[in-house]
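Numbering (the numbering used here), first residue to last: -5 to 177.
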C-alpha cells in the first residue's frame, strides 16, 4: 500500500505498528508485550478510509502545450543545426521543475551558447514552418548581476509555459543567449 509522508509519520508514532505477535527467541532478551489499544466501534469506518490510497499528491499539473528545451553549444566547427541538442520535452509542472532544477542556469553555460524553449515539434530555426513570417523580441541586459538575468529567464519561461501572455497561442518559444559584449 502506498502511503504519504504524513501517513508514514503517523504510523511511525502508532505503537500498534510495532505490535509483534512472534514469540521472543530463546537466547534473546524477553520482549515486553505491547498492550492493545481500545478503539471505539466507529473506528472501522475510519480504518477503511485510511486504507484507501490517496492519489491527489500523485497527479501531475498539465500544461496546455508540450514544450521542448534545446541547448546550443557553439563550438565553431559544426553547422548551426548540428550544434542544437534536445535536452527534454515536458508537458506538466512537475517535469518542468525537475528539468529546471537539474540544468545549469543561463549564467553558467558557455559564452556563445543558448537555451531555446519552444513548443513541441518546433525547431529553433527561422526555416521551421511555425517560425516563418514570425518575429522576435530581443531583451539585451548590459552588465547585470547573474541572479537578475536568471530570474528574468525563469519569469519569461514560466509566463510562456503558463500561457500568461496575450496571444500565447501565437508565441512559439523563447531563447536566452549568453554573449560576451566587448566595448
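Every residue, glycine too, gets a C-beta built ideally from N, C-alpha and C. Predicted, not measured: the structure shown is a model, and the values here were computed from it.
- request: Just the C-alpha distance for residue 51 and residue 58, rounded to the nearest angstrom, thanks.
  value: For the purposes of this step, residue 51 is taken as residue 57 along the chain shown, with counting starting at 1. For the purposes of this step, residue 58 is taken as residue 64 along the chain shown, with counting starting at 1. Spanning the two alpha carbons is a distance of roughly 20 Å.
task: Answer with buried or exposed for residue 167, where buried requires no fewer than 16 other C-beta atoms within 10 angstroms of its C-beta.
output: Looking up residue 167 in the chain shown gives position 173. Classification for residue 167: buried.
message: I'd like to confirm the pairing. Which residues does DSSP put opposite residue 111 in its beta bridges?
response: One-based indexing of the chain shown puts residue 111 at position 117. In DSSP, residue 111 forms a bridge with 63, 168.
field: Coil, strand or helix - residue 52 by DSSP
entry: Translated into positions along the chain shown, residue 52 becomes position 58. DSSP, reduced to helix, strand and coil, places residue 52 within a helical segment of the structure shown.
field: Helix, strand or coil at residue 184 according to DSSP, with G and I counted as helix
entry: The structure shown does not extend to residue 184, since the chain is modelled only from -5 through 177, so no value can be given for it.
message: Going by beta-carbon coordinates alone, are residue 150 and residue 108 separated by less than 7 Å?
response: Locating residue 150 in the chain shown gives position 156, counting from the first residue. Locating residue 108 in the chain shown gives position 114, counting from the first residue. No, the Cβ-Cβ distance between residue 150 and residue 108 is not below 7 Å.
query: Whole-angstrom Cβ separation of residue 83 and residue 62, contact assumed at under 8 Å?
result: Taking the first residue of the chain shown as 1, we reach residue 83 at position 89. Taking the first residue of the chain shown as 1, we reach residue 62 at position 68. Indeed they touch by this definition, with Cβ atoms about 4 Å apart.
message: Taking 7 Å as the threshold (C-beta atoms), are residue 54 and residue 86 in contact?
response: Here residue 86 refers to the residue found at position 92 of the chain shown. Here residue 54 refers to the residue found at position 60 of the chain shown. Yes, Cβ-Cβ distance for residue 86 and residue 54 is below 7 Å.
- prompt: Can you round the beta-carbon distance between residue 144 and residue 99 to whole angstroms, since I take them to be within the 8 Å contact cut?
  reply: By one-based count along the chain shown, residue 144 stands at place 150. By one-based count along the chain shown, residue 99 stands at place 105. The pair is a contact, with the Cβ atoms about 5 Å apart (cut-off 8 Å).
- prompt: Among residues of its own chain, excluding the 5 on either side of residue 187, which ones have a beta-carbon nearer than 7 Å to its beta-carbon?
  reply: With the chain represented from -5 up to 177, any question about residue 187 goes unanswered, as that position is not in the structure.
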